[in-house]
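A.B. asks: Under our numbering, the first residue of the sequence shown is numbered 526, with each subsequent residue one higher. For each residue, glycine too, the CB sits at the ideal point set by N, CA and C. Keep in mind the model is a prediction, meaning the values are calculated, not measured. The following block contains the structure, expressed as structure tokens.
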Amino acid sequence: MVTDSMEYDVVHTDDVPLTDLSEIDEVPPDLQIRAIDDFLPSDHLQLKLWYFEPGEEIQYHAHAEQEELYYVLEGEFSLKLGRSGEEEYVEAGPGTFWVAKPEIGHGHRNVGDEEGVVLAIGAPAVEDPGLDPHELDAADE
């Protein structure tokens, strides 16, 4: 149920279509998402559910303006986090949160045998394509 209110909106996951990014995006990742923010418009947040088959990943990248908060709902993931040259690998399962601030590299891979699901919240809600963290650090030198 989606309400049409100026003050609030409510939506159930089942009401948000699953989109196969390989059919619409020219660049990876070739994952499936539910763009929750298309149904819960927000001036300040982007909200997605990402679905990962075993071995699928979002490659190590960064954003210029946006910080992203992630939450693992299902599956087992290996996270790559931190500035270029200072990356750390962390294991994450259901119930795990992590955050990547602007210009901080981050990526994650489903290392489990089952589908993984990650909630991603980005702010501010701006078009902020992924950047190569290695190039960001070279520019700072």
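1) Quick one: what does DSSP say Glu603 is sitting in, helix, strand or coil?
2) What is the DSSP secondary structure of Leu565, reduced to helix, strand or coil?
3) Are Asp576 and Gly630 close, meaning C-beta to C-beta below 7 Å?
4) Apply the 10 Å Cβ neighbour rule to Gly647 and answer buried if 16 or more other Cβ atoms are within range, or exposed otherwise.
5) Run through DSSP, which three-state label would Leu556 get?
6) Is it the case that the Cβ atoms of Ile561 and Val541 are separated by a distance below 7 Å?
7) Only counting the same chain, and skipping five residues up and downstream in sequence, which positions put a Cβ closer than 6 Å to that of Leu572?
8) Could you tell me if Val642 is buried or exposed, where buried requires 16 or more neighbouring beta carbons within 10 angstroms of its beta carbon?
9) Would a C-beta distance cut-off of 7 Å place Asp555 and Leu543 closer than the cut-off?
C.D. replies: Concretely, from the data shown:
1) According to the sequence provided, residue 603 is Ser. The question's Glu does not apply to it. Note: Ser603 maps to strand in three-state DSSP.
2) coil
3) The residue asked about is misnamed: residue 576 is Tyr in this sequence, not Asp. Going by C-beta atoms, Tyr576 is not nearer than 7 Å to Gly630.
4) buried
5) coil
6) yes
7) Ile561, Asp562 and Ile646
8) The residue in question, Val642, is buried, as its Cβ has 16 or more Cβ neighbours within 10 Å.
9) Contact: no.
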